[in-house]
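Going letter by letter, the sequence shown gives residues 17 to 298 in this note's numbering.
Glycine included, each C-beta is placed from N, C-alpha and C at the ideal position.
Below is one structure; the comments refer to it alone.
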Amino acid sequence: MTVVDPYARTEVARILVGRTPSGIAVDPDGERIYVANFSSNDVSIVDVRVAAETSRVKVGKQPWALACSGDRLYVANAHTDTMSVVDTDAQRVLDTVRTGRRPTSLVASPSGDCVYVCNNADATVSAIDARTLGTVATIEVGRNPVDMALDPSGTRLYVANRRSQSITVVDTTALEAIQTVQLSTLSNRPGVGLFGVAFADPVLPEPLAVGVSGDGARLLVAFWDAGTLAVLDARGGSRVSETQLDDAKYGIGPIEIAADWPNRRLYVSCADHALVTVRDEV
């Protein structure tokens, strides 16, 4: 795992973790970082103060995504169709919960009462009660859902559906889908694949990551093949702006979004670049 100073844009540390790190989460007090190691089937616990791994916890096969809430860490195990529940103080697995097929994204509600699981192969989202660990709802979304984001109030869950080229909006109070934002109408331009190899024909915008602005008014959507980052109106779904990422300045293949709202900075992880910083985009 590489630690980067976002302001100096320099690497400050390199931390040895497990094999094929694929997901990351930070505990609420910011003192520990958790890394899902896809190939070694465990989670690394990293002490921020010493910038080193202090322990590992064995979980299910092919852990892909993480979500942290209070003293609980939730781990999506893509191969076993399960979610591991880890006690972060005791650093052990408390329980293993059955999910839908191929869970690829996790989000915990602001209150910590509910965990949402994106089931990639089922085209559903599971809502799991964090206290009983029972599934309280299974919500149908678009094809190949890959990422999710909650608005600041926790009342709207946005699900990026790669193969449907859409965003499903879920009302988390009613636990039902209330809107589908069709993204294929937003852009249809020549695409750029991995390592800058261009496609001959225009590609449909397949969303691979989604985020929500700090005020909940904007959606941030990263398109893999189109090589763009779009800002959408969260309520209506109309496009506000779109940034081209497929050049030497920004990189290509955006796969993850993180934001520093107070400083108006947006970070986009790309396939051939470590970090991309976009300023004043949200």
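Next on the checklist: Is it buried or exposed, V301, if we count other Cβ atoms within 10 angstroms and call 16 or more buried?
Outcome noted: The question about residue 301 has no answer, for the chain in this structure spans 17 to 298.
Checklist entry - My guess is that L224 and P270 are in contact by the Cβ rule of under 8 Å, so how many angstroms apart are they, rounded? => result Right, their Cβ atoms sit about 7 Å apart.
Checklist entry - Residue ranges of each beta strand (DSSP E) run of no fewer than 3 residues wholly in the segment 61 to 95, ordered along the chain? => result 68 to 74, 79 to 85, 88 to 93
Next on the checklist: Quick check on P161: buried or exposed, where buried means 16 or more other Cβ atoms within 10 Å of its Cβ?
Outcome noted: buried
Item to check | Span of the beta strand (DSSP E) around M164 | outcome: 161 to 166
Item to check | Sheet register partners of T171 (DSSP bridge) | outcome: Beta-bridge pairing links T171 to no other residue.
Checklist entry - Run through DSSP, which three-state label would S254 get? => result Note: S254 maps to coil in three-state DSSP.
Item to check | Sub-8 Å separation of E192 and V185 beta-carbons | outcome: no
Checklist entry - Just to confirm, are L166 and V91 a CB contact at a threshold of 8 Å? => result no
Item to check | S142 classed as buried or exposed, judged by whether at least 16 other C-beta atoms fall within 10 angstroms | outcome: buried
Next on the checklist: Less than 8 Å between the C-beta atoms of V59 and I31, yes or no?
Outcome noted: no
Item to check | Reference L122, options R159, G158, S55, P79, closest by Cα | outcome: Comparing C-alpha distances from L122 to each of R159, G158, S55, P79 shows the shortest one belongs to P79.
Checklist entry - To the nearest angstrom, how far is it from the Cα of P22 to the Cα of D111? => result Between the alpha carbons of P22 and D111 lies a gap of roughly 36 Å.
Checklist entry - Which one of M164, S200, N279 has the shortest CA to CA distance from L235? => result Ranking the options by Cα distance to L235, first place goes to M164.
Checklist entry - Going along the chain, which residues of its own chain have a beta-carbon closer than 6 Å to the beta-carbon of W277, five neighbours each way excluded? => result Excluding positions up to five away in sequence, the list reads G230.
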